[in-house]
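Step one of this worksheet: look at the structure below.
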Amino acid sequence: MEIKVLSRKDLISILELPDVIEGVEAVYRAKARGQVAAWPLVEHRFETGALMDIRSGGAFGEVAIHGAKLLNNFPENAEKGLPVFTGVLMAFDSKTGMPIGVMDASYITSLRTGAAAAVGAAALARPDSETLLLVGAGLQSIYLLGASILKLPGITKVIVADPYAPENAFRYVESIEKRLKEELHIDCGHVAFRACDDLKKSVEVSDVILTVTRSTKPLIMKDWVRPGTHLSCIGADMTGKEEIDPQLFTVARAFADDAKQCCAVGEMEIPARMGLISPDTVTGEIGQVLIGEVPGRVSADDITIFDATGLAALDLVTAKTAVESARKKQLGTTAEI
748 MEIKVLSRKD LISILELPDV IEGVEAVYRA KARGQVAAWP LVEHRFETGA LMDIRSGGAF
808 GEVAIHGAKL LNNFPENAEK GLPVFTGVLM AFDSKTGMPI GVMDASYITS LRTGAAAAVG
868 AAALARPDSE TLLLVGAGLQ SIYLLGASIL KLPGITKVIV ADPYAPENAF RYVESIEKRL
928 KEELHIDCGH VAFRACDDLK KSVEVSDVIL TVTRSTKPLI MKDWVRPGTH LSCIGADMTG
988 KEEIDPQLFT VARAFADDAK QCCAVGEMEI PARMGLISPD TVTGEIGQVL IGEVPGRVSA
1048 DDITIFDATG LAALDLVTAK TAVESARKKQ LGTTAEI
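Here the sequence shown stands for residues 748 to 1084, where the numbers follow the working numbering.
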């Protein structure tokens, strides 16, 4: 039995963001048709404070992929000169059960997370959107930004805010155009980048807002958000994390990647605990918008929110894309097992 073994370096050479976006859209559509499964999370906490968890599931039908992502978070590794986060992804063909690939999980996760934010924004933002606000300038942010520029070709202005280290935003905008071209092969010469010097004012002039921070309290308040704005909220991916004012959910059309999961651990978690939203009152899931089952934006004045907490199937479809590309390009390592 032959499988592909792909390192992070391999994946950087192999994967193209447009292909990742296409796979993410396919999974969301499959989920809306009842063809995606997320199996129970397996988690182990070590006495040292380290964590190991296994996220598994699949996307069936035309996508036909299942498997698992094994993730480690060992904070003490920082003192040892080792990576704090490590992960391996294993993917299987769902038509035969045959293993197709084993690979580094971190880069896969970064790309599909960026793609997810952009897919939500493209489906829900106003078609004439021009100004994008990126809140959070950490390692993940370049993937959100790159994917959104691809999916929203009308964007001509990008404002970058880093609520925890404002000076970082100024350094970020100096290099981001070059980084997007070199790292993701995205030409964004038509986009003007500037650092945020006042978050409230930046929110007030933005058409699309992407949030990707570690915040546990609202950074964006309801009264700052003008009619017609879209927000893709990515940073809140576990209990207690929060990036936007819960009251925004009382005036917005709110969409999830998975309604139950988002109300448990996503941006919707705290509004759900407050009784402002529930899995039954979420406007819809993003896959339902993509297949035309639920309307997204119905008015130019709608405020729309997309809460993405991540699905194992997104990692797996990206892994499938990587394996197919590796075979075509004759890259990576082919192993017998």
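We put the CB at the ideal spot given by N, CA and C, even for glycine.
Since the structure is predicted, the reported quantities are computational estimates derived from the model, not experimental observations.
Compute the distance between the beta-carbons of residue i and residue j, then report whether it is under 8 Å.
i, j, result
"Thr-1068", "Gly-844", "no"
"Phe-821", "Ala-797", "yes"
"Leu-709", "Asp-851", "What the structure shows of the chain is the stretch from 748 to 1084, and residue 709 is not part of that stretch, so it cannot be assessed."
"Ala-1073", "Gly-804", "no"
"Val-752", "Ala-1082", "yes"
"Leu-995", "Ile-933", "no"
"Glu-990", "Leu-966", "yes"
"Asn-1063", "Ile-761", "Checking the sequence shown, residue 1063 turns out to be Leu, not Asn. Not in contact: Leu-1063 and Ile-761 (Cβ atoms no closer than 8 Å)."
"Val-1070", "Gly-848", "yes"
"Ala-863", "Ile-1038", "no"
"Ile-1050", "Val-972", "yes"
"Glu-823", "Thr-795", "yes"
"Gly-861", "Leu-891", "yes"
"Ser-853", "Arg-755", "yes"
"Met-735", "Ile-1024", "Residue 735 lies beyond the range of the chain shown here (748 to 1084); nothing can be said about it."
"Val-938", "Arg-859", "no"
"Val-774", "Leu-957", "no"
Candidates the options: which alpha carbon is nearest residue i's?
i, options, result
"Thr-976", "Ser-953, Val-998, Phe-996", "Ser-953"
"Lys-816", "Val-810, Pro-830, Glu-823, Trp-786", "Trp-786"
"Met-968", "Ala-884, Gly-936, Pro-993, Gly-1043", "Pro-993"
"Ala-942", "Leu-1078, Leu-892, Val-905, Lys-1075", "Val-905"
"Lys-964", "Lys-988, Val-950, Leu-946", "Lys-988"
"Val-789", "Ile-801, Gly-885, Val-972, Thr-795", "Ile-801"
"Val-783", "Gly-848, Thr-795, Ala-811", "Ala-811"
"Lys-842", "Ala-806, Gly-828, Val-835, Ala-863", "Ala-806"
"Arg-918", "Phe-940, Glu-826, Met-799", "Phe-940"
"Ala-1047", "Ala-999, Glu-763, Leu-836, Asp-945", "Ala-999"
"Glu-763", "Gly-808, Asp-1027, Gly-1022, Glu-929", "Glu-929"
"Leu-836", "Gly-808, Ile-750, Phe-793, Glu-772", "Ile-750"
"Pro-1099", "Arg-776, Gly-1022, Val-1045", "The question about residue 1099 has no answer here: the residues shown for the chain are numbered 748 through 1084."
"Asp-945", "Thr-903, Phe-793, Pro-913", "Pro-913"
"Gly-808", "Asp-1027, Arg-776, Val-920", "Arg-776"
Taking residue i as part of the beta strand (DSSP E), name the residues at either end of that continuous run.
i, result
"Gly-805", "798 to 806"
"Phe-1002", "999 to 1003"
"Cys-980", "977 to 980"
"Gly-936", "Unbroken run through Gly-936: none, as it is neither H nor E."
"Leu-1063", "Unbroken run through Leu-1063 is the alpha helix (DSSP H), 1059 to 1076; no beta strand (DSSP E)."
"Asp-840", "832 to 840"
"Thr-1051", "1050 to 1054"
"Leu-764", "Not the beta strand (DSSP E): Leu-764 falls in the alpha helix (DSSP H), residues 764 to 779."
"Leu-957", "955 to 958"
"Leu-817", "812 to 820"
"Ala-784", "783 to 785"
"Ala-1082", "1080 to 1083"
"Glu-989", "989 to 991"
"Ile-906", "904 to 908"
"Arg-792", "789 to 792"
"Leu-995", "Premise fails: Leu-995 is in no beta strand (DSSP E) and is neither H nor E."
Alpha helix (DSSP H) containing residue i: first to last residue?
i, result
"Ile-896", "888 to 898"
"Leu-758", "755 to 761"
"Gly-1034", "1033 to 1037"
"Val-1029", "No alpha helix (DSSP H) contains Val-1029, which DSSP labels as neither H nor E."
"Val-920", "913 to 931"
"Glu-847", "Position check: residue 847 holds Ile in this sequence, whereas Glu was assumed. Premise fails: Ile-847 lies in the beta strand (DSSP E), 846 to 851, not in any alpha helix (DSSP H)."
"Lys-969", "From DSSP, Lys-969 is part of no alpha helix (DSSP H); its letter is neither H nor E."
"Lys-1007", "1006 to 1012"
"Val-950", "946 to 951"
"Ile-1017", "1016 to 1020"
"Glu-1040", "Note, Glu-1040: premise wrong, no alpha helix (DSSP H); not H, not E."
"Glu-826", "824 to 827"
Might you give, ordered along the chain, the residues of its own chain that have their beta carbon closer than 7 Å to the beta carbon of residue i, omitting 5 neighbours on each side?
i, result
"Val-1012", "Asp-984, Met-985, Thr-986, Thr-1056"
"Ser-888", "Leu-881, Val-959"
"Lys-925", "none"
"Asn-915", "Ala-884, Asp-909"
"Pro-765", "Leu-897"
"Met-1021", "Pro-993"
Using C-beta distances below 6 Å, list every residue in its chain close to residue i, excluding the 5 sequence neighbours before and after it, in chain order.
i, result
"Ala-865", "Ala-894, Ser-895, Lys-898"
"Phe-839", "His-813, Gly-814, Pro-846"
"Val-955", "Ala-868, Ala-872, Ser-876, Leu-879, His-977"
"Asp-1054", "Cys-980, Ala-1003, Cys-1009, Gly-1013, Glu-1014, Met-1015"
"Pro-1018", "Pro-993, Phe-996, Ile-1024"
"Met-799", "His-791, Asn-819"
"Gly-1043", "Ala-870, Leu-871, Val-1036"
"Leu-927", "Gly-893, Ile-933, Cys-935"
With a CB to CB cut of under 8 Å and the five nearest residues on each side skipped, what residues in its chain are close to residue i?
i, result
"Val-1029", "Ala-1001, Phe-1002, Ala-1003, Ala-1006, Cys-1009, Cys-1010, Met-1015"
"Gly-834", "Lys-816, Leu-817, Leu-818, Asn-819, Asp-851, Ala-852, Ser-853, Thr-856"
"Gly-901", "Pro-874, Asp-875, Ser-876, Glu-877"
"Leu-886", "Ser-857"
Let me check you understand the geometry: is the CB of residue i closer than 7 Å to at least one non-hydrogen atom of the ligand ZN?
i, result
"Leu-1078", "Of ligands this structure carries none, so the ligand ZN is not represented either."
Quick check on residue i - is its C-beta less than 8 Å from some C-beta in chain C?
i, result
"Thr-1056", "Although the question refers to chain C, the structure presented lacks it and comprises just one protein chain."
task: Evaluate contact between the segment 1023 to 1041 and the segment 978 to 989, counting only Cβ atoms and requiring at least three cross-stretch pairs below 8 Å.
output: no
Given 8 Å, three or more beta-carbon pairs between the segment 854 to 873 and the segment 906 to 920: no
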